[in-house]
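> To convert, note that position 279 of the sequence shown is 1679 in this note's numbering; the numbers rise steadily by one, no gaps.
Idealized CB from N, CA, C, for every residue including glycine.
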Amino acid sequence: MPAALLSRRQLWGLLALTLMWGVNWPMMKLSLQEMPPLYFRASTMCLGAAWLFLYVRGQGERMWPRRDEWATIAWLGLPNVLGWHTLSIFGVQALASGRAAILGFTMPIFTVLLGALFFGERITPRVRVAVISAGIAIGLLLWHELQSLSGRPVGIAWMLGAALSWGLGTLLFRRASFTLSPMVVTVWMLLLGSGVVWALAIAFEPAPDVSSFSGAMWLSLLYGVLINYGVAQLIWFGLARHLPPATSAMSVMAIPLVGTLSATFIVGEIPHWQDWLAIGFVMMAIASVLLPAPGRTVAASRT
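1) By the three-class DSSP mapping on this structure, what secondary structure does THR1697 have?
2) Is PHE1519 helix, strand or coil when you go by DSSP?
3) CA-CA distance, ARG1441 and SER1594?
4) Sorted by chain position, which residues of the same chain lie with C-beta nearer than 8 Å to SER1688's C-beta, five sequence neighbours on each side aside?
5) Between the Cα of GLY1498 and the Cα atoms of CYS1446, ILE1536, TRP1421, which residue gives the shortest distance?
6) What does the Cβ neighbour count give for PRO1606, buried or exposed, with the cut at 16 atoms within 10 Å?
7) Return the residue from the list TRP1598, GLY1504, MET1684, GLY1569 that minimises the CA-CA distance to TRP1475.
8) Rounded to whole angstroms, what is the Cα-Cα separation between LEU1707 and SER1611?
9) Reducing DSSP to helix, strand and coil, say where GLN1410 ends up.
10) Output the distance between the C-alpha atoms of GLU1545 and ALA1500, rounded to the nearest integer angstrom.
11) For ILE1627, collect the residues of the same chain with a Cβ closer than 6 Å to its Cβ; drop the 5 residues on either side in sequence, then sort them by chain order.
12) Which two residues bound the contiguous alpha helix (DSSP H) that contains ILE1686?
13) Rounded to whole angstroms, what is the Cα-Cα separation between PHE1505 and VAL1682?
14) Please classify SER1612: does DSSP put it in a helix, a strand, or coil?
15) So, using beta-carbon positions, are LEU1438 and LEU1622 closer together than 7 Å?
16) Does the structure place the segment 1557 to 1571 close enough to the segment 1442 to 1456 that three or more beta carbon pairs sit under 8 Å?
17) Given that a residue counts as buried once 16 or more other Cβ atoms are within 10 Å of its Cβ, and exposed if not, what is ASP1468?
18) Please report the straight-line C-alpha distance between MET1435 and MET1428, rounded to a whole angstrom.
19) Please list, in chain order, all residues of the same chain as TRP1566 whose beta carbon is under 6 Å from its beta carbon, the five residues on each side excluded.
20) Helix, strand or coil for LEU1419, going by three-state DSSP, please let me know.
21) Among ILE1679, VAL1492, SER1662, TRP1425, which has the Cα closest to the Cα of MET1653?
22) Cα-Cα, which of SER1443, GLN1433, TRP1412 is closest to TYR1629?
23) With distances taken from CA atoms, which of SER1614, PRO1553, LEU1571 is nearest ALA1516?
24) I'd like to know whether the C-beta atoms of ILE1502 and PRO1671 end up nearer to each other than 7 Å.
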């Protein structure tokens, strides 16, 4: 179904989703000015998943997994929740939020490469273009971090590890079999994962002084709970069943761009020329692996 045939509701939903997930990157950076990363992630993930649980249950979904499904949910939560959400928050802390978003959305390239290495999927010429493009983007951002006296090249390692985890988690999720809906499985992965992140935060970070939080801090926390882990998830799962892969791919490609642009207004980050070039190469890489070849259709991916 071409974009022109999408309903008005789908178009608005796609635009809202892209803006919500793009703006979330500088909003996370804003939160980390006053709150340790693990406490921030545990708080927003736990509260967001809790209200998402209540909403989905209110829609009549069966919420409780069978006994044999718990182990699979926990296993899938390792890369999809602990890997992606934990590593990425350290990446945002170390890097400019727009730069972290660019690196995080190299995930589709890792998905294709891991699929070829471990699941026998074929590497096509388009995949080679994607790998080269992503490599150039990473090199540009790494070059800038090493040039700067205050640069944090370790942040690039955090974000690449997060993207790798997300890519692996996506492959495993596609191959898992459940009697529950994907939305319900995601809610349980978030709830279980938040418990582990809470334990890590209590063990390794000083407790934040909630009484000293600014208004901007409370706003960013509400954004994480209600928008990132709530409304955006509902929109995504509502659209994922009906969007053509080319359209969902365009949304994924636009998120780093929105994150980089919005960071200028939210946290005052000014993109460098390396950032703009890296965005272009990452968008080219994502297009290479997600957009279907002319005359072909592919199954929509879960991102």
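With the given structure in hand:
1) With a pLDDT of 43 at THR1697, under the threshold of 50, the modelled position of this residue cannot be trusted, and the question is left open.
2) Here PHE1519 carries a coil assignment [DSSP, helix/strand/coil].
3) Using only the alpha carbons, I get a separation of about 8 Å.
4) If we look at SER1688 and ignore the five residues flanking it on each side, its Cβ neighbours are ARG1526, VAL1527, VAL1529, ALA1530, SER1533.
5) The residue with the shortest Cα to Cα distance from GLY1498 is TRP1421.
6) So PRO1606 counts as exposed.
7) Taking the Cα of TRP1475 as reference, the smallest distance to any Cα among TRP1598, GLY1504, MET1684, GLY1569 is reached at GLY1569.
8) Nothing can be reported for residue 1707, as the shown portion of the chain is limited to 1401 through 1703.
9) Helix.
10) If you take the alpha carbons of GLU1545 and ALA1500, they lie about 12 Å apart.
11) Here ILE1627 has MET1420 as same chain residues with Cβ atoms under 6 Å from its own Cβ, once five neighbours each way along the sequence are excluded.
12) Looking at the DSSP string, the run of the alpha helix (DSSP H) that includes ILE1686 is 1673 to 1690.
13) Pairing PHE1505 with VAL1682, the inter-Cα distance amounts to about 8 Å.
14) Correct three-state label for SER1612: helix.
15) Taking 7 Å as the Cβ cut-off, LEU1438 and LEU1622 do not qualify as a contacting pair.
16) Result no; under three Cβ-Cβ pairs closer than 8 Å.
17) Exposed, since its Cβ has fewer than 16 Cβ neighbours within 10 Å.
18) So the two alpha carbons sit approximately 10 Å from each other.
19) Annotation for TRP1566: TRP1484, MET1507 place their beta carbon closer than 6 Å to its own, counting only its chain and skipping 5 residues before and after.
20) Reduced to three states, the DSSP call for LEU1419 is helix.
21) Comparing Cα-Cα distances from MET1653 to each of ILE1679, VAL1492, SER1662, TRP1425, the minimum goes to ILE1679.
22) It is SER1443.
23) A check of alpha carbon separations from ALA1516 across SER1614, PRO1553, LEU1571 identifies LEU1571 as the nearest.
24) Against a cut-off of 7 Å, the Cβ pair of PRO1671 and ILE1502 comes out as no contact.
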